[in-house]
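Each remark here refers to the structure printed beneath this line.
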Amino acid sequence: MTTNAGQATGGHAGGTPGGASGATVVLRNLSRSFGTTRALDGLTLRLAPGELVALLGPSGCGKTTALRIVAGFETADSGTVEVDGQDMSPVPAAKRDMGMVFQSYSLFPNMSAADNVSFGLRMRRLSSAERQRRAAGLLDMVGLAAQAKQYPHQLSGGQQQRVALARALAIEPRVLLLDEPLSALDAKVRLQLREQIRSLQQRLGTTALFVTHDQEEALSMADRVGVMHDGRLEQIATPDELYDRPATPFVAEFVGVMNRIPAGLLELLGASGLAADLTPHRERPGSAVDVLVRPEGLRIAASPTGNGIVVGRTFLGQLTRVSVRLSGDVVVQVDQQSTEAAGIALGDPVDVSLAGAPVMVTER
Amino acid sequence: MAAVTGTTLVEGATPPARRPRRGIRQFPVWRWAILVLVGSYFVIPLVAALRFTGFSTFPQVVHQEGFSAAFELSVRLAVITTVLTIALMLPTTVYVHLRLPRLRRLMEGVTILPIVIPPVVLIVGVLQVAPGFLKSTPYLLGLIYVVLAMPFAYRAFDAGLRALDLSTLVEAAQSLGAGWRSTLWRVMLPNLRTAMLSATVLTVALVLGEFTMASLDLYQTFPVWIVAFDQTSGPISVAASLLALFVTWVFLLAITMIGGRGSRRKGGAEVSLFSVSRQNTHPGGS
Numbered sequence: 001m002t003t004n005a006g007q008a009t010g011g012h013a014g015g016t017p018g019g020a021s022g023a024t025v026v027l028r029n030l031s032r033s034f035g036t037t038r039a040l041d042g043l044t045l046r047l048a049p050g051e052l053v054a055l056l057g058p059s060g061c062g063k064t065t066a067l068r069i070v071a072g073f074e075t076a077d078s079g080t081v082e083v084d085g086q087d088m089s090p091v092p093a094a095k096r097d098m099g100m101v102f103q104s105y106s107l108f109p110n111m112s113a114a115d116n117v118s119f120g121l122r123m124r125r126l127s128s129a130e131r132q133r134r135a136a137g138l139l140d141m142v143g144l145a146a147q148a149k150q151y152p153h154q155l156s157g158g159q160q161q162r163v164a165l166a167r168a169l170a171i172e173p174r175v176l177l178l179d180e181p182l183s184a185l186d187a188k189v190r191l192q193l194r195e196q197i198r199s200l201q202q203r204l205g206t207t208a209l210f211v212t213h214d215q216e217e218a219l220s221m222a223d224r225v226g227v228m229h230d231g232r233l234e235q236i237a238t239p240d241e242l243y244d245r246p247a248t249p250f251v252a253e254f255v256g257v258m259n260r261i262p263a264g265l266l267e268l269l270g271a272s273g274l275a276a277d278l279t280p281h282r283e284r285p286g287s288a289v290d291v292l293v294r295p296e297g298l299r300i301a302a303s304p305t306g307n308g309i310v311v312g313r314t315f316l317g318q319l320t321r322v323s324v325r326l327s328g329d330v331v332v333q334v335d336q337q338s339t340e341a342a343g344i345a346l347g348d349p350v351d352v353s354l355a356g357a358p359v360m361v362t363e364r
Numbered sequence: 001m002a003a004v005t006g007t008t009l010v011e012g013a014t015p016p017a018r019r020p021r022r023g024i025r026q027f028p029v030w031r032w033a034i035l036v037l038v039g040s041y042f043v044i045p046l047v048a049a050l051r052f053t054g055f056s057t058f059p060q061v062v063h064q065e066g067f068s069a070a071f072e073l074s075v076r077l078a079v080i081t082t083v084l085t086i087a088l089m090l091p092t093t094v095y096v097h098l099r100l101p102r103l104r105r106l107m108e109g110v111t112i113l114p115i116v117i118p119p120v121v122l123i124v125g126v127l128q129v130a131p132g133f134l135k136s137t138p139y140l141l142g143l144i145y146v147v148l149a150m151p152f153a154y155r156a157f158d159a160g161l162r163a164l165d166l167s168t169l170v171e172a173a174q175s176l177g178a179g180w181r182s183t184l185w186r187v188m189l190p191n192l193r194t195a196m197l198s199a200t201v202l203t204v205a206l207v208l209g210e211f212t213m214a215s216l217d218l219y220q221t222f223p224v225w226i227v228a229f230d231q232t233s234g235p236i237s238v239a240a241s242l243l244a245l246f247v248t249w250v251f252l253l254a255i256t257m258i259g260g261r262g263s264r265r266k267g268g269a270e271v272s273l274f275s276v277s278r279q280n281t282h283p284g285g286s
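Residue numbers (our numbering), protein chains in the order written: chain A, 1 to 364; chain B, 1 to 286.
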């Protein structure tokens, strides 16, 4: 189990923290409304010790509200947050032992990097020597040992977020909360820091809840990803399961790129064998049915009598994403090996067909 | 508990880019013309006053009857007013920023009232509501000056708070285990040092130069003494005015320099009266 910094003061190489394993966190039926807006609607989620769970969703889906309730900055209208079986509702934010990295740069401007890192240790009344030793170890861990005496205004954005990460880890938190910590950084730094956060979290075994609207970040970092929509958790699963077997049309279309093809075009695509899959949907009167297919689930071949016209192409490296207009002005995107797509030009007639089973059949 | 070895992934610090200094060549002629014109407006009366009174008059000022008492009273009032203003306005402004941000516009309107309301109305109002034991002491003026300083102090604190992401800093401190007292003492106040300095400078300048209220309230503060002494000796009265201007200027310069030095060393913003420049940070980047 993870000890808090006030109780455990040493035993780690270089003064860095460590935890045998993180805490178990359970969010049970959390609801929160702001006026007439329901930000969270019965969110239930369990984080296993040492697990990194990402909450992914569009703006306003309730993911940040959930994180802030866990941190103690917001109060839930109903529901509970439990850490290792302890109900955290009556515990104020300052007593929760949760390290948090914020979206905006949150370092204290009046303190050096080392003082920022040791701030939480000072609050826990550790000795000055111990604070310095542990701050130095943590700054070394995030690669900023040389910047220990610099003030936030002397550090770049990426460096500031790394100091913020070291500061959050310094207190040996029971849970690490990350509120879109990479969104203010440029692409290259984001990638570096993403790997660093994941690497440190795995080494320390800290349970972490990560909030982001960037699906690439969520899918690449998290053990499991929870997709949220309108205050509800649509699905929580491993990244590959989320991509391959989405539970709802929202998840299917939010994660990755998805084509929505009217069922009426299936015969045109040579997929009349899917009739059995469509039957339950068609039995409802007045319902129009679509099939959801990923770009790699379609294939194209040049054909003068094809069922579509190429209207766009985007080079992605090994793959090229080709946009094809089908009958009824339906545009689909097809991923093709770049070597094969080289001979396909804008305006060419092509034959689009299903390469396998669609991800999902859904009513429109 | 697994030991963690250091991992150095990214390169060292990027020193902040220095803004190129503007040389004289980059300062166009028309700007010099405006500077000289506006400067003349202030300097010519000072030079004229200096010629009228002469340097030899200055040593006599401090020996005039009533000078010490009036000057001491003004300084005492400046200290009291500054302490009260900071004690009242700082928590109020912080509270509005943190908990009632929608009331900021209302606060701006309310705090401008002392400038809009005529001094006579203000002092009659204060005398109506002030407790009896205060009416017989000059410290009533301190309370009036707190009201008069409110527009300036509020704007100084408001500008300082706008330059900070206060709610994030407070939440960061709390997540690290800091209670409200520690958050206020170790995070908020050090980062509002520049704003407090601005409020102090403005309040002190206001108190040391205020005449109307003191005169209406029949207390002889330093500005009232200068006007009264003008009936006795013109040159000495003018010398006292110049001395007051110089002393106030030195006083404000000292406050600004002493307070600003530590703030700048730690990356604090430059002191300006109604705005505190946001600190230099590097968005993005490694």
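Here a beta-carbon is modelled for each residue, glycine too, at the ideal position from N, C-alpha and C.
- In the pairwise beta carbon analysis, the region 307-320 of chain A is classified as touching the region 343-361 of chain A: at least three pairs are separated by under 8 Å.
- Nearest neighbour of leucine 189 of chain B by Cα position, chosen from B:Phe211, B:Leu164 and B:Ala205, turns out to be B:Leu164.
- By the Cβ-count criterion, proline 101 of chain B is exposed, with fewer than 16 other Cβ atoms from all chains shown falling within 10 Å of its own Cβ.
- The beta carbon of threonine 212 of chain B lies closer than 7 Å to those of Pro119 in the same chain, with the five residues before and after it left out.
- Taking each of A:Ala93, A:Val251 and A:Arg260 in turn and checking the Cα distance to arginine 68 of chain A, the smallest one comes out for A:Ala93.
- Excluding the 5 residues flanking it on each side, alanine 71 of chain A has same chain C-beta neighbours closer than 8 Å at Ala93, Arg96, Met98, Met100 and Leu177, in chain order.
- Taking every protein chain shown into account, the CB of glutamine 336 of chain A has 16 or more other CB atoms within 10 angstroms, so this residue is buried.
- In the DSSP assignment, histidine 229 of chain A falls within the beta strand (DSSP E) that extends over 224-229.
- Less than 8 Å divides the Cβ of alanine 114 of chain A from the Cβ of alanine 136 of chain A.
- Assignment of beta-bridge partners to valine 247 of chain B by DSSP yields no partner.
- Put simply, the backbone Cα of arginine 125 of chain A is about 15 Å away from that of glutamine 174 of chain B.
- Look at serine 104 of chain A: its C-beta is under 8 Å from a C-beta on chain B.
- If you compare the alpha carbons of A:Phe73, A:Ser78 and A:Gly317 with that of serine 167 of chain B, the shortest gap goes to A:Phe73.
- Taking 9 Å as the upper bound on Cβ-Cβ separation, chain B lies near residues Arg68, Ala71, Gly72 and Phe73 of the region 60-80 of chain A.
- Beyond the five residues adjoining it in sequence on each side, proline 173 of chain A comes within less than 6 Å, by CB distance, of Asp97, Met98 and Gly99 in the same chain, given in chain order.
- Residues of the region 107-131 of chain A that bring their beta carbon within less than 7 Å of a beta carbon in chain B comprise Phe108, Pro109, Asn110, Phe119, Gly120, Met123 and Arg124, in sequence order.
- In terms of beta-carbon proximity, valine 187 of chain B lines the interface with chain A, with at least one pair separated by less than 8 Å.
- Sequence-distant Cβ neighbours of leucine 202 of chain B in its own chain, meaning closer than 8 Å and more than five residues away, are Ala149, Phe152, Ala153, Ala156 and Leu273.
- Rounded to the nearest angstrom, the gap between the Cα atoms of arginine 104 of chain B and glycine 160 of chain B is 14 Å.
- If you compare the alpha carbons of B:Thr85, B:Thr232 and B:Val36 with that of leucine 206 of chain B, the shortest gap goes to B:Thr85.
- Taking 7 Å as the cut-off between beta carbons, the residues of the region 148-174 of chain B near chain A are Asp165, Thr168, Leu169, Glu171, Ala172 and Gln174, in sequence order.
- Against chain A, the CB of serine 182 of chain B has a partner CB under 8 Å away; the residue lies at that interface.
- For chain A, none of the residues of the region 75-109 of chain B brings a beta carbon within less than 7 Å of one of its beta carbons.
- The region 105-158 of chain A contains, as complete alpha helix (DSSP H) runs of 4+ residues, the segments 113-123 and 128-141 (chain order).
- Contact of glycine 54 of chain B with chain A is not assigned, every C-beta pair being separated by 8 Å or more.
- Contact with chain A is absent for glycine 234 of chain B, since none of that chain's Cβ atoms lies less than 8 Å from the residue's Cβ.
- According to the DSSP assignment, serine 175 of chain B belongs to the alpha helix (DSSP H) that extends over 166-175.
- Listed as beta-bridge partners of serine 353 of chain A by DSSP are A:Arg299.
- Taking 8 Å as the cut-off, the Cβ atoms of proline 28 of chain B and leucine 73 of chain B do not count as close.
- One finds Ala94 and Met123 in chain A with Cβ atoms closer than 7 Å to the Cβ of alanine 178 of chain B, taken in chain order.
- Not one beta carbon of chain B lies nearer than 8 Å to the beta carbon of glycine 22 of chain A.
- In the DSSP annotation of this structure, aspartate 244 of chain A is not part of any beta strand (DSSP E); the continuous alpha helix (DSSP H) holding it starts and ends at 239-244.
- Contact between the region 248-261 of chain A and the region 211-229 of chain A is present, with at least three C-beta pairs closer than 8 Å.
- For alanine 66 of chain A, DSSP assigns no beta-bridge partner whatsoever.
- The Cβ of isoleucine 197 of chain A sits no closer than 8 Å to any Cβ of chain B.
- In the structure shown, proline 138 of chain B adopts coil according to DSSP, grouped into three states.
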